[in-house]
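Peer 1:
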Amino acid sequence: MKRNVLTCLLGMLASACLVPATGHAQKPTAKRALIRTNAPPRTQGKARNIILFLADAGGVPVLHAASLLGYGEPRRLGVQQWPHLGLSETSPIDAFVSDSANGMSAIVTGVKTRNGVISQGPDAVRGKQNGTPTKTVLEYAEQHGLLTGVVTTQSIADATPAATYAHVDDRRKWGEIFLQAFKPRFGDGVDVLFGAGRRQIGEQLATAGTSFDQIGRTNGRPIHATLGQIGAGETRPVVVGEAMDARAATLKALDLLQRSPKGYLLVVEWDAHTDDVRDGLQHVVDFDRLIKEVQARVDLHDTLLLFTADHSFGLQVDGGRRGEPLLAGYDEWKAAKSKDDIVRLKNVLVNRTHTGEEVAALAIGAGAERVRGYFPNTYLFDVMMKAWDWAPDGAPPR
Ligand SMILES: [Zn+2]
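In the working numbering, each residue's number is its place in the sequence shown (first place is 1) plus 102.
Printed below as a string of structure tokens:
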């Protein structure tokens, strides 16, 4: 590509160096657009805000297939355009394949643990004995006075969101997990909490002798059933619905968190399990579109966007041609097979289990340059802490 060397040497218009010579002058507006697209802002330096996007079970094969489903071509997702990529290894301490509990706990605490355990050390015995609580990035953010938010398409007490704010020895303890959101160890706890799971959490709360109403009254925070019930003046809303519109929830959370004088942490989980391969891949396409919207609303000079998965999933594209439907034959397969069968389509194989290979970690914005190479998922904790320039407890001051 030819550059306008003379202009560069004169230094009259440094940005012109980035514009390909086309044989005629470009309009300034077109030039600015090209620079904005091709030259992400310098990412060295400190992050004020961090947004962690977690595609649950969205490993490399799922991202690839989602691009094919959504756009008919590989590498068309917005996150696949981000400049920084690493491969994050997700295993628990004692096995090769992770569940969401260990996978997310390791990312947000920097400590690998056992499957089923929520942000406790490997001294935990699942369902039998609590382990040492491991401090999460959300707790560090609360301690430092940032606003924090957790949004999920799944139950707000499910393993992935739970790992950010709770510490329990068994991911199935939804009532206990949910109650911990209101008994924070640092700061005033999660400020914005939007997710699903209302019926199941409610049942466990009833067994424990409490209810959404009672928790809401005790804490002065009503626990709404829909986003529409949030009052105009509410700054720390909690919504536990039967389902959750992740796009509406994320944009609402961002509106609230962006008012923070000191910055914020937002964690957004979207389920990307591909047991139902069409739904799962469409979730990834939709999540990616939402991430593009969020990216347009933040300043990448002071905000780190991080995208990853808690573990991978057994999906392979092993056939297909450009111009033909990726999921050809899926409706017929669904009609003929049970939901527990391995999915064998003409072009796609889904074995319906979590798998052990590394997942993509993608990053853009302040501190994103640290995401590179193969690393354990615990390194993503370091990436976030270093982006904020915070030393973890017990580490020498930075
Ligand atoms: Zn998971």
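Idealized CB from N, CA, C, for every residue including glycine.
Which residues share a DSSP beta bridge with G251?
Peer 2: Taking the sequence shown and counting its residues from 1, one reaches residue 251 at position 149. DSSP lists V294, L368 as partners of G251.
Peer 1: Span of the alpha helix (DSSP H) holding A208?
Peer 2: The count along the sequence shown starts at 1 and reaches residue 208 at position 106. 202-211 is the span of the alpha helix (DSSP H), which, as asked, contains A208.
Peer 1: Roughly how many angstroms separate the alpha carbons of F389 and V252, rounded to a whole number?
Peer 2: On the sequence shown, position 287 is the one that residue 389 refers to. On the sequence shown, position 150 is the one that residue 252 refers to. About 15 angstroms.
Peer 1: Any idea which residues DSSP pairs R446 with across the strands?
Peer 2: Residue mapping note: residue 446 aligns to position 344 of the sequence shown, counting from 1. R446 pairs with L451.
Peer 1: If I measure Cβ to Cβ from D201 and keep anything under 6 angstroms in the same chain, skipping five residues before and after, which residues do I get?
Peer 2: Residue 201 sits at position 99 when you count from the first residue of the sequence shown. Taken in chain order, the residues that qualify are N217.
Peer 1: Got a sec? Which residues, its chain only, sit under 7 angstroms from K129 by beta carbon, not counting five neighbours each side?
Peer 2: The sequence position of residue 129 within the sequence shown is 27, counting from 1. Model confidence at K129 stands at a pLDDT of 39, short of 50, so the residue's coordinates are unreliable and nothing is read from them.
Peer 1: Could you give the residue range of the alpha helix (DSSP H) that holds F389?
Peer 2: As a position in the sequence shown, residue 389 is number 287, starting the count at 1. 379-399 is the extent of the alpha helix (DSSP H) around F389.
Peer 1: Bridge partners of N151, per DSSP?
Peer 2: In the sequence shown, the residue the question calls residue 151 occupies position 49. BP columns for N151 point to T405.
Peer 1: For the beta strand (DSSP E) that V419 lies in, which residues bound it at each end?
Peer 2: On the sequence shown, position 317 is the one that residue 419 refers to. Per DSSP, V419 belongs to the beta strand (DSSP E) from 414-419.
Peer 1: Span of the beta strand (DSSP E) holding A463?
Peer 2: Position 361 of the sequence shown, counting from 1, holds the residue named residue 463. Element bounds for A463: 461-467.
Peer 1: Mapping DSSP to helix, strand and coil, what is G240?
Peer 2: Mapped onto the sequence shown, residue 240 falls at position 138. The question names Gly, but residue 240 is Leu in the sequence shown. Here L240 sits in helix by DSSP.
Peer 1: Taking only three categories from DSSP, how would you classify G188?
Peer 2: One-based indexing of the sequence shown puts residue 188 at position 86. If DSSP states are grouped into helix, strand and coil, G188 belongs with the strands.
Peer 1: Around the Cβ of Q282, are there at least 16 other Cβ atoms within 10 angstroms (buried) or fewer (exposed)?
Peer 2: The count along the sequence shown starts at 1 and reaches residue 282 at position 180. Q282 is buried by the Cβ-count criterion.
Peer 1: How about the region 239-258 and the region 283-299: do they share at least three Cβ pairs that are nearer than 8 angstroms?
Peer 2: Enough Cβ pairs lie closer than 8 angstroms, so yes.
Peer 1: With respect to 8 angstroms, is the separation between the Cβ of S94 and the closest non-hydrogen atom of ligand 1 below this value?
Peer 2: The chain is shown only over 103 to 500; residue 94 falls outside these bounds and no answer can be derived.
Peer 1: Assign K237 to buried or exposed, taking buried as 16 or more other Cβ atoms, counted over all protein chains shown, within 10 Å of its Cβ.
Peer 2: Here residue 237 corresponds to residue number 135 of the sequence shown, with the count starting at 1. The residue in question, K237, is buried, as its Cβ has 16 or more Cβ neighbours within 10 Å.
Peer 1: Report the residue from G299, F280, A345 whose alpha carbon sits nearest the alpha carbon of G318.
Peer 2: Taking the first residue of the sequence shown as position 1, residue 318 is located at position 216. Ranking G299, F280, A345 by Cα distance to G318 puts F280 first.
Peer 1: Is H456 near ligand 1 - that is, is its Cβ less than 8 angstroms away from at least one heavy atom of it?
Peer 2: Looking up residue 456 in the sequence shown gives position 354. H456: yes, Cβ under 8 angstroms from ligand 1.
Peer 1: According to the Cβ coordinates, are E344 and R300 closer than 9 angstroms?
Peer 2: Working through the sequence shown from its first residue, we reach residue 344 at position 242. Working through the sequence shown from its first residue, we reach residue 300 at position 198. Yes. Within cutoff.
Peer 1: Should H385 be counted as a contact of ligand 1 given a C-beta to heavy atom distance under 8 angstroms?
Peer 2: Looking up residue 385 in the sequence shown gives position 283. Outside the cutoff, so no.
Peer 1: For L482 versus A463, is the C-beta distance shorter than 9 angstroms?
Peer 2: Against the sequence shown, residue 482 aligns to sequence position 380. Against the sequence shown, residue 463 aligns to sequence position 361. Against a cut-off of 9 angstroms, the Cβ pair of A463 and L482 comes out as a contact.
Peer 1: So, with DSSP's three-state summary, where would you put S169?
Peer 2: Here residue 169 corresponds to residue number 67 of the sequence shown, with the count starting at 1. Correct three-state label for S169: helix.
Peer 1: Does I303 pass the burial test, meaning 16 or more other C-beta atoms within 10 Å, or should it be called exposed?
Peer 2: In the sequence shown, counting from the first residue as 1, residue 303 sits at position 201. That one is buried.
Peer 1: When DSSP labels each residue in this structure, what does G475 get in the three-state scheme?
Peer 2: As a first step, residue 475 must be located in the sequence shown, where it is residue number 373. Strand at G475.
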